[in-house]
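Below is one structure, written out as structure tokens; comments come after it.
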Amino acid sequence: MSLAPPNFPDLKTDQVESYLHPSVSVPEGLNNNVLVTTIDRLYNWSRRSSMWPLLFGLACCAIEMIATASSRFDLSRFGMEVMRPSPRQSDLMIVSGTVTKKMVPAIVRIYNQMAEPRYVIAMGACATGGGPFKEGYNVVSGIDKYVPVDVYIPGCPPTPEALMFGLMKMHQKVDTQSVTTADWYKREGSAFVPVPHLGPDIFDPRQADLIRAETMSGEAVAADTGGDRAEGGVPGGLRNLGEKAKARIAQAKERAAARLAG
Amino acid sequence: MSDIVAPSTTVAGPLDVAGTLALVQEALPDAKPVSAGPTDYLEVAPDQLIEALQVLRDQGGCDLLSSITCTDYLSYQGRARAKDGPRFEVVYHLYSTAQGGDCVVLHVPVDDGESLPTATPVYPGANLQEREVWDLYGLVFDGHPNLRRILLWEGFEGHPMRKDWHEAYYEEDQKPFRSRHPRADFARSEDKVPWGKNTRYPADWDPDDWQEPVTYVPVSQDPRSRNGAGDHLSTESVVVNLGPHHPSTHGVFRMIVRIEGETVIALEPDMGYLHRNHEKIGERNTWLMNMPFTDRLDYINSMSNNWGYALAVEKLMGLEVPERAEYLRVIMAELSRIVNHLWSIGFILNDLGALQTPALYAIEEREMILDLFESVSGARMMCNYLRFGGVHRDLPAGWAERARYVVHERLPRALDQLDDLLSGNEIVNTRGRGVGYLSAEQLISLSVTGPMIRAAGVPYDIRRCEPYGVYDRFDFDIPTLPHSDVYDRYYIRLLEARESVRIVQQALAGLPEGDILAGKGGYVFRPPEGEAYGRVEGPKGELGFYLVSDGKPNPYRYHIRAPSYINLNALAPMTVGYKVADAIVILGAIDIVLGEVDR
Ligand code: SF4
Chain A
1 MSLAPPNFPD LKTDQVESYL HPSVSVPEGL NNNVLVTTID RLYNWSRRSS MWPLLFGLAC
61 CAIEMIATAS SRFDLSRFGM EVMRPSPRQS DLMIVSGTVT KKMVPAIVRI YNQMAEPRYV
121 IAMGACATGG GPFKEGYNVV SGIDKYVPVD VYIPGCPPTP EALMFGLMKM HQKVDTQSVT
181 TADWYKREGS AFVPVPHLGP DIFDPRQADL IRAETMSGEA VAADTGGDRA EGGVPGGLRN
241 LGEKAKARIA QAKERAAARL AG
Chain B
1 MSDIVAPSTT VAGPLDVAGT LALVQEALPD AKPVSAGPTD YLEVAPDQLI EALQVLRDQG
61 GCDLLSSITC TDYLSYQGRA RAKDGPRFEV VYHLYSTAQG GDCVVLHVPV DDGESLPTAT
121 PVYPGANLQE REVWDLYGLV FDGHPNLRRI LLWEGFEGHP MRKDWHEAYY EEDQKPFRSR
181 HPRADFARSE DKVPWGKNTR YPADWDPDDW QEPVTYVPVS QDPRSRNGAG DHLSTESVVV
241 NLGPHHPSTH GVFRMIVRIE GETVIALEPD MGYLHRNHEK IGERNTWLMN MPFTDRLDYI
301 NSMSNNWGYA LAVEKLMGLE VPERAEYLRV IMAELSRIVN HLWSIGFILN DLGALQTPAL
361 YAIEEREMIL DLFESVSGAR MMCNYLRFGG VHRDLPAGWA ERARYVVHER LPRALDQLDD
421 LLSGNEIVNT RGRGVGYLSA EQLISLSVTG PMIRAAGVPY DIRRCEPYGV YDRFDFDIPT
481 LPHSDVYDRY YIRLLEARES VRIVQQALAG LPEGDILAGK GGYVFRPPEG EAYGRVEGPK
541 GELGFYLVSD GKPNPYRYHI RAPSYINLNA LAPMTVGYKV ADAIVILGAI DIVLGEVDR
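Chains as they are written, first to last, in the numbering used here: chain A, 1 to 262; chain B, 1 to 599.
Structure follows, in structure tokens:
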């Protein structure tokens, strides 16, 4: 197989094309030496081309993440081969695996320790919404219940190809950001996520009022926990729920229907 | 290298289970023999347990307390049990490493609120498993040295594996949930709870008044030791916390270490950061639904996990497996053992400080094997390939040729390359030799199994001691090494991977034609009432599944005897006295996978 030798000036033009300033152009004759671009384009280009992930694995998905980083798939093509164990040095947290209640305080702390701009990818069904273990008593159904997520990657586990596709989506997202509107340049800065506590069950300090209102009301807190198939009663998951819970479910269904219609 | 590899040692002959049980009955006339499906066991009162264990250990030759677990019979619907018996039964499985053969089973009935004596004085390996039973079932083991929560956290409300404990998202006890099948009227679980999370709080609980409980783990209670004779030159030990987010701990595992200078003087493992309630969910699933969940236990070896579970269910149902399926199972399980051993060798080197390069070499061949898995099962990692009575799909065209290429051309060369590059390496030798020593007797009494005890010279391998599948047809050795240190634990894996290559070569050559699934397959299974324990030699040790059926389409009790978890019993005794940097590699050489440790 023979390849024509690349035409380097053309190649260079191709590659820099998307970074050039949309309106300001350089006089003829200088354009081999001088480029004009915008801060945003330059800044986003450099940020997304060397995004260092946190060396951080939770469960099965982490194994596919390691496979993605290793020689066959090779994350260094994205400038991401430097996985940093310290959150202070990393830009991207790939939440790769099942988030448990016992682990989530640590994850939130790590997230808070990452320097901005920081990004979060929820890799796999578990990190996205609990996955196969959603009903588990120690499982958090999705890391987005605690920290904001930028890209969700479906799969159980996502193949390395899927992870790379997710990373490319991440790059696209970075490309749309601007230093003038980004949160981390705002005067007030962006807020820390309060660390959840391990009480009788895990609780989020942001929801303390909500929890107190329910526990102190003297009513049944969540789904009634008795009952079994053998005992008869109304079949289905809505059986034995309190009136409030039924109302919440009805509202959620209405919202979903409205979204579908609109 | 220069170490002599012991030739395959044959075990003394299978343990005489009935005779051993008779020994106990002789000593304890009150013990009641019971037969539950394929398993015969003895029912022992709590106050006689220690005596029974002593008889088994000292006279019966059962030196390995393999598994301890508990069953809550609250909502048992089978006919074989009296309804008014005690609520819980604690189950003990014991083996003889010298003789091999089947297990001796003891049941100890206890009622709610009662306690039973700890087995730790007789078998120190009971430690972690008794803590797990306390954590999940709330049974107290009198005299246990450290009875704290292990998978959940101190302060958690309730003991979740009890049949009457339900989480906030709870829907029904049995799947498929009727809201989804046949009616498709589902609701998002989040909407059921005001705060949209799977959490529940006791009534009258006020989050503002809540204080984090101060719990002391044993290392923080360790007496402050002081060094040095002079008043002005004393040192004090400090507690260092490693994990749960730590690049070396192979996942979310935490070690609390008390060190003096750099020497570890006490170590306490802390786990549960990946406890995803496998068993609770498993008892709601139908029998077959659990198969893909077993993939996610030790997520590097889905094939051998499938096999352990299939074996236990087949025991319960009395299913015969066609010959071709048996061969396919052997091929897949041994390929996954190779993957596992390559992986663990790479990461032992990682822990020694050779960050990533050896690991990248070691897992290169893994991709070849994963491609084989993908083409036969549809998935790279989570293969879900075995079925009760066989396997799911036959080999696609050309598979056997590709596999032959991998096991004849690629793998032997890759293993030789690793051997060449690593075994003589000076750092591997100086950091590995003599580090993390425990004698074979100590390891067995701590219930350690797998490559760890073979690296201590004990030729205990279930493929030989209680052959399952068609392992008795292949010509392979059980390699052992004498030193029981990190180096031997690294090297034994290389040797075992070579044996696995030999087995796959033979199995591919002898692969018969024929059916791949006994019976008619299907989705709904109702094994007859009874209990069974199926175990395979997983790449990390003995992987056992303890199942109780009450004749319904869901397992009544589904317990996993996870080798990674139980091998951690040995972590603290192995590490104390070595440097803190050695702790990392000692842990690495145990080869744990957190999905299996925490389940
Ligand atoms: S999504 Fe699947 S593969 Fe990933 S962590 Fe969850 S169970 Fe494991």
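Just so it is clear, CB atoms sit at the ideal spot from N, CA and C, and this is done for glycine as well.
Here the structure is a predicted model, which means the values were calculated and not measured.
query, result
"Contained beta strand (DSSP E) runs [length at least 3] in the stretch 110-136 of chain A, N- to C-terminal order", "119-123"
"Contacting positions in the stretch 363-385 of chain B - beta carbon closer than 7 Å to chain A", "I363, E364, E367, R380, M381 and M382"
"Interface partners of T69 (chain B) on chain A, CB under 9 Å", "Under the 9 Å cutoff, chain A gives no residues; its nearest Cβ is about 18 Å from T69 (chain B)."
"Interface flag, R72 (chain A) vs chain B, CB-CB below 8 Å", "yes"
"Sequence-distant residues of its chain with Cβ nearer than 6 Å to P105 (chain A) (five each side left out)", "V195 and P196"
"Residue span of the beta strand (DSSP E) that contains K145 (chain A), given as start and end", "No beta strand (DSSP E) holds K145 (chain A); DSSP gives it neither H nor E."
"Alpha carbon of V120 (chain A) to alpha carbon of M168 (chain A), nearest angstrom", "13 Å"
"Residue span of the beta strand (DSSP E) that contains K32 (chain B), given as start and end", "K32 to A36"
"Interface residues of the stretch 176-192 of chain B facing chain A [CB-CB below 9 Å]", "F177, R178, S179, R180, R183, D185, F186, A187, R188, S189, E190, D191 and K192"
"Inter-residue spacing [alpha-carbon to alpha-carbon] between I281 (chain B) and G353 (chain B)", "39 Å"
"Near the ligand SF4: C383 (chain B) beta-carbon under 7 Å from a heavy atom", "no"
"Min CB distance S564 (chain B) to chain A below 8 Å", "no"
"Spatial distance of S71 (chain A) from N350 (chain B) (CA atoms)", "16 Å"
"Range of the contiguous beta strand (DSSP E) that encloses Y546 (chain B)", "G541 to S549"
"Beta-ladder partner(s) of G534 (chain B), from DSSP", "B:F545"
"Cβ distance (whole Å) where V179 (chain A) is taken to contact Y43 (chain A) below 8 Å", "6 Å"
"A59 (chain A) Cβ short of 7 Å to the ligand SF4 heavy atom set", "yes"
"Beta-carbon neighbours of F156 (chain B), restricted to chain A and to distances below 8 Å", "L198, P200 and D201"
"S90 (chain A) - DSSP class collapsed to helix/strand/coil", "coil"
"Burial state of I590 (chain B) (16 or more Cβ within 10 Å)", "buried"
"CB-CB length for S96 (chain A) against A62 (chain A), believed under 8 Å", "4 Å"
"Closer than 7 Å: R380 (chain B) CB and nearest the ligand SF4 heavy atom", "no"
"Short CB-CB distance (under 8 Å) between L594 (chain B) and chain A", "yes"
"Residue range of the unbroken alpha helix (DSSP H) whose run includes I444 (chain B)", "A440 to S445"
"Cutoff 8 Å: K12 (chain A) Cβ touching any chain B Cβ", "no"
"Under 8 Å between C-beta atoms of G60 (chain B) and V104 (chain B)", "yes"
"Inter-residue Cα distance where the pair is Y491 (chain B) and S423 (chain B)", "7 Å"
"Residues that C70 (chain B) bridges to, as DSSP identifies them", "B:V90"
"Backbone secondary structure at A230 (chain A) - three-state DSSP", "Model confidence at A230 (chain A) stands at a pLDDT of 36, short of 50, so the residue's coordinates are unreliable; what they give is reported in the following sentence. A230 (chain A) falls in the helix class under three-state DSSP."
"Separation of L35 (chain A) from T13 (chain A), as counted between CA atoms", "11 Å"
"Candidates B:D394, B:P451, B:P573 and B:D72: closest to T480 (chain B) by CA position", "B:P451"
"Under the three-state DSSP convention, the category G113 (chain B) falls into", "coil"
"Three CB pairs or more closer than 8 Å across the stretch 77-87 of chain B and the stretch 138-151 of chain B", "no"
"Every unbroken beta strand (DSSP E) within the stretch 138-215 of chain A, with a cutoff of 3 residues, ordered by chain", "151-153"
"Cutoff 8 Å: L152 (chain B) Cβ touching any chain A Cβ", "yes"
"Distance cut-off 7 Å: T98 (chain A) Cβ against heavy atoms of the ligand COA", "Here the bound small molecules are the ligand SF4; the ligand COA is not part of this structure."
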